[in-house]
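Peer 1: Here's a structure for you.
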Amino acid sequence: HNRLLLADNIRIHSLASRLETSVVMMASLGLVCLTIVYVLLVVAAPASVVEATPISIPVVDIGVDVYGERVELPLVGAGTWQYNDTIAYQSVCQALEAGYTLIDTAFGYGNQKGVGMAIRDCFHGSRTDLFVMTKVPGGLTAPEVHAAHVQNLFELGLDYVDHLMTHFPADWDYETSKTRASPAMRQEEWLALESLYYSGTTRSIGISHYCSSHIHDILNVATVRPSINQVEYHVGSGDVDQVMATCREEGIAFMSFSPLCGPCQLSDEDDSLISGTLVTEIGNKYNKTGSQVSLRYIVQQALTTTTSTTATGPIMKMGGVIPKSNNMKHIRSNRDIFNFCLSNEDMQQLKAATKPAAEPGDCNVP
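Per the working numbering, the very first residue in the sequence shown carries number 11; after that it's consecutive.
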């Protein structure tokens, strides 16, 4: 028994030496990948010495609420777009069981009752440990914004949400209802969101699908700056609406939706962000799936950026990802992206990809 303990201690000492070398190498890459140290210990150390536990999901600071408390956004959450109440309930319950604490939904998804029931039935922690993000439609008047958020809270069964967005810079049918697509409408809606922020019924407020001109419209009247702009962003998309520079300059977190390009109509399955050649071959280096590589590409940018200012200007502040699934294996896999680190070479290769392309057009909104 003593010989076994001695062998374990020698092995751990050897691991520590190897890990120290690994940390120096990773630091030279300029990457925030210290979580890999924990994983190497868990995987490589004897079971009698350490017991594996899930790695907690990192968070990014997106500002303060009306009470001055920091608002921290988890870097991985559960998406629910295109799910009905039944599927949303099942998916969110499984996500909560898997350790997710960020849930994304919207007034327009029509599934907030299912999401709310899942929170009630399947979340067993403190409300302050849960981050609920929802949206009101774009192109609303101030009274309509307030009415929509009353319905949000009623359907979710909550007193407040952690983040509330305007879903689009206009009504979805803005080409027909032209009166709901204008700088004045965006400003009215933004000021209504601010009043909800000041009321405490949302801890932070933001925007989605907004291009640079839309952002400047609301900044002209804002007393509370948007903390997030949620835009389609994934491997292959690039900065489809040329809005990342504006978000960086204005200190707005740039957050991805459709990180696996869910709405993409692929002409070639080889471009898939789940099973395509590029992400699969990179994943093989790390014993990870293609989808994990695609998600890691985005969150690694969030882990290696800050809101500080350098000699060349402000640094991009990145939000996280909200992949959706109703399959527990995939839900767990989507969360398991904080125990490896993509090399600079792999990050550059993913950044250079041009497929699957994102769908432009949001900047056409007047």
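Built from N, CA and C at the ideal position, the CB exists for glycine as well.
Just so we're clear, the structure is a prediction, and the values are computed from it rather than from any experiment.
Only counting runs of 4 or more residues, tell me where the alpha helix (DSSP H) segments fall wholly within the stretch 142-193, in order along the chain.
Peer 2: 152-166
Peer 1: Can you tell which of Pro269, Phe267, Asn239 has its C-alpha closest to the C-alpha of Ala255?
Peer 2: Residue Asn239 is the option with its Cα nearest to Ala255.
Peer 1: Just to confirm the assignment: which complete alpha helix (DSSP H) runs, minimum length 4, are found wholly within the stretch 69-121?
Peer 2: 95-107
Peer 1: Determine the burial state of Glu165: buried for a count of at least 16 other Cβ atoms within 10 Å of its Cβ, exposed for fewer.
Peer 2: buried
Peer 1: For the beta strand (DSSP E) holding Gln240, just list the boundary residues, first then last.
Peer 2: 238-242
Peer 1: Indicate the three-state DSSP secondary structure (helix, strand or coil) for Met326 in the structure shown.
Peer 2: coil
Peer 1: Grab the span of the beta strand (DSSP E) containing Ile215 for me, first residue to last.
Peer 2: 215-218
Peer 1: Starting from the Cα of Ile325, find the closest Cα among Asn121, Pro366, Glu260, Ala116 and give me that residue.
Peer 2: Cα-wise, what sits closest to Ile325 is Glu260.
Peer 1: So what does DSSP say about Ala202, is it helix, strand or coil?
Peer 2: helix
Peer 1: Could you say which of Pro64, Asp281, Thr314 lies nearest to Gly300 if we only look at CA atoms?
Peer 2: Asp281
Peer 1: Taking 7 angstroms as the line, does the beta carbon of Trp200 fall inside it for any heavy atom of the ligand ZN?
Peer 2: The ligand ZN is not part of this structure, which contains no ligands at all.
Peer 1: For Ala362, report the span of its alpha helix (DSSP H) as first-last.
Peer 2: 354-362 is the extent of the alpha helix (DSSP H) around Ala362.
Peer 1: I'd like to confirm the pairing. Which residues does DSSP put opposite Met265 in its beta bridges?
Peer 2: Met265 has Gln240 as its beta-bridge partners, per DSSP.
Peer 1: If we ignore side chains and look at the alpha-carbon of each, how far apart do Thr233 and Asp75 end up?
Peer 2: The alpha-carbon of Thr233 is positioned some 13 angstroms away from that of Asp75.
Peer 1: On a Cα-Cα basis, can you pick out the residue from Val146, Ser237, Phe133 that is closest to Lys4?
Peer 2: It is not possible to answer for residue 4, since the shown part of the chain is limited to 11 through 376.
Peer 1: Are there three or more Cβ pairs, one per stretch, closer than 8 angstroms when the stretch 92-105 is compared with the stretch 120-128?
Peer 2: yes
Peer 1: For Thr212, write down the residues that DSSP places opposite it in a beta bridge.
Peer 2: Val171
Peer 1: Compare the C-alpha of Ser304 against each of Arg80, Leu360, Asn162, Gln252 and name the closest.
Peer 2: Of Arg80, Leu360, Asn162, Gln252, the residue nearest in Cα terms is Leu360.
Peer 1: For the alpha helix (DSSP H) containing Val303, list its first residue and its last residue.
Peer 2: 300-313
Peer 1: On the criterion of 16 or more Cβ atoms from any shown chain inside 10 Å, does Glu276 qualify as buried, or is it exposed?
Peer 2: The residue asked about is misnamed: residue 276 is Leu in this sequence, not Glu. Classification for Leu276: exposed.
Peer 1: Our contact map puts Ile65 next to Ser214 with C-beta atoms below 8 angstroms; I'd like the distance itself, whole angstroms only.
Peer 2: Not quite, the Cβ-Cβ distance comes to about 25 angstroms (not below 8 angstroms), so this is no contact.
Peer 1: Which two residues bound the contiguous alpha helix (DSSP H) that contains Asp346?
Peer 2: From DSSP, Asp346 is part of no alpha helix (DSSP H); its letter is neither H nor E.
Peer 1: Between the alpha carbons of Ala194 and Val250, how many angstroms are there, rounded?
Peer 2: 25 angstroms
Peer 1: For Val70, I'd like the list of residues in its chain whose CB is within less than 8 angstroms of its CB, leaving aside the five on either flank, ordered along the chain.
Peer 2: Closer than 8 angstroms at the Cβ level, and outside the excluded window around Val70, lie Glu82, Leu83, Leu85, Ala263, Ala312, Lys327, Met328, Gly329, Gly330.
Peer 1: Look at the alpha carbon of Met36 and the alpha carbon of Phe350, and state the distance between them as a whole number of angstroms.
Peer 2: Residue confidence for Met36 is low, a pLDDT of 39 falling below 50, so the modelled location carries little weight; the figure read from the coordinates is stated next. A straight line joining the alpha-carbon of Met36 with that of Phe350 spans about 11 angstroms.
Peer 1: Is the distance from the Cβ of Thr111 to the Cβ of Asp139 below 8 angstroms?
Peer 2: yes
Peer 1: Starting from Asp227, follow the alpha helix (DSSP H) in both directions and report where the run begins and ends.
Peer 2: 222-229
Peer 1: Return the first residue and the last residue of the alpha helix (DSSP H) that Glu259 is part of.
Peer 2: 254-260
Peer 1: Grouping DSSP H, G and I as helix and E and B as strand, with all else coil, what is Val331?
Peer 2: strand
Peer 1: Grouping DSSP H, G and I as helix and E and B as strand, with all else coil, what is Gly126?
Peer 2: helix
Peer 1: Quick check on DSSP: helix, strand or coil for Val289?
Peer 2: Val289: helix per DSSP, three-state reduction.
Peer 1: Going by Cα to Cα distance, which pick from Leu163, Ala152, Gly118 is closest to Val146?
Peer 2: Gly118
Peer 1: For a quick check, are the C-beta atoms of Ala202 and Gly149 less than 8 angstroms apart?
Peer 2: no
Peer 1: Please classify Thr233: does DSSP put it in a helix, a strand, or coil?
Peer 2: coil
Peer 1: Output yes or no for whether 8 angstroms exceeds the beta carbon distance between Ile67 and Arg342.
Peer 2: no
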